[in-house]
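Participant:
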Amino acid sequence: MESNYNIQVMKEALLYILEKEGKVRYYALMKTLYLAERDHLAQWGGRITQEVYHPLPYGPVPSGLYDALKAEGETFLSDVLKVSKTFVSALRKPNMEYLSQSEVYALDRAIQYVRTHNFEEIKQATHDMFYQTARKERRAMTNEEIALSGGATPGMVAYINEQTAIDQALV
Numbered sequence: 795m796e797s798n799y800n801i802q803v804m805k806e807a808l809l810y811i812l813e814k815e816g817k818v819r820y821y822a823l824m825k826t827l828y829l830a831e832r833d834h835l836a837q838w839g840g841r842i843t844q845e846v847y848h849p850l851p852y853g854p855v856p857s858g859l860y861d862a863l864k865a866e867g868e869t870f871l872s873d874v875l876k877v878s879k880t881f882v883s884a885l886r887k888p889n890m891e892y893l894s895q896s897e898v899y900a901l902d903r904a905i906q907y908v909r910t911h912n913f914e915e916i917k918q919a920t921h922d923m924f925y926q927t928a929r930k931e932r933r934a935m936t937n938e939e940i941a942l943s944g945g946a947t948p949g950m951v952a953y954i955n956e957q958t959a960i961d962q963a964l965v
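Here the sequence shown is numbered in this note's numbering, starting from 795 and rising by one per residue.
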């Protein structure tokens, strides 16, 4: 089960994206979040949210967000997002105390990328060999795969794997 803090960070990251972009389609929101996660993991060795990314036909999808957007009725995001059939908008401004400077930097880069690239270009950028392997094996993408997709160095991958092992030992 996600901690209240992790859920709040996810809400604030989504609100930050929506503050910059206004009303957005599901696809753009999910890809922006994935690209920010990928960049942050590759650059700084940590995740922004604790979302699990599944390789669905249109690319890696954050499971919790996807489920909340597709759900009917109240979800853990109902207090911050207005969801229609295909669009999402914010119900308030983000609380920036939950986002670090590096997270904001990664979010800004992802927002800019999605803003300036079309569907096919975004799809191409997220359907790399790491996505393909996870999809073929019918499993979620690992932190290592996400980081490698973002261009992580071997040293960063070793650090991420070490942190993942520590996190799993603490559960």
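Note that CB positions come from ideal geometry on N, CA and C, so glycine has one too.
Please classify D833 as buried or exposed, where buried requires at least 16 neighbouring CB atoms within 10 angstroms.
Facilitator: buried
Participant: Quick check: the segment 936-952 against the segment 830-844, are there 3 or more CB pairs under 8 Å?
Facilitator: yes
Participant: How many Å lie between A900 and E956 at the Cα?
Facilitator: 22 Å
Participant: So, using beta-carbon positions, are M935 and P851 closer together than 9 Å?
Facilitator: no
Participant: Rounded C-beta distance between I916 and E938? I'm assuming under 8 Å.
Facilitator: The Cβ separation is near 22 Å, so there is no contact.
Participant: Comparing alpha-carbon positions, which option in M824, A959, K930, D922 lies nearest D991?
Facilitator: Beyond the ends of the chain as shown, which are 795 and 965, falls residue 991; an answer cannot be given.
Participant: Given a cut-off of 9 Å, decide if A884 and L875 are closer than it, judged by their beta-carbon atoms.
Facilitator: yes
Participant: Below 7 Å CB to CB, which residues in the same chain sit around T826 once its five sequence neighbours on both sides are set aside?
Facilitator: Hits under 7 Å: I811, A904, I905, V908.
Participant: Going by DSSP in three states, G853 sits in which element: helix, strand or coil?
Facilitator: strand
Participant: If you check the beta carbons only, do L863 and Y820 fall under 9 Å apart?
Facilitator: Taking 9 Å as the Cβ cut-off, L863 and Y820 qualify as a contacting pair.
Participant: Do you know how far the Cα of K887 is from the Cα of S878?
Facilitator: 19 Å
Participant: Return helix, strand or coil for V965, following the three-state DSSP convention.
Facilitator: coil
Participant: I'd like the span of the beta strand (DSSP E) that includes K876, first residue to last.
Facilitator: It spans 875-877 - the beta strand (DSSP E) in which K876 sits, taken as one unbroken run.
Participant: Count the other CB atoms within 10 Å of the CB of A865; is the residue buried (16 or more) or exposed (fewer)?
Facilitator: exposed
Participant: What are the boundary residues of the alpha helix (DSSP H) that includes V908?
Facilitator: Note, V908: alpha helix (DSSP H), 895-910.
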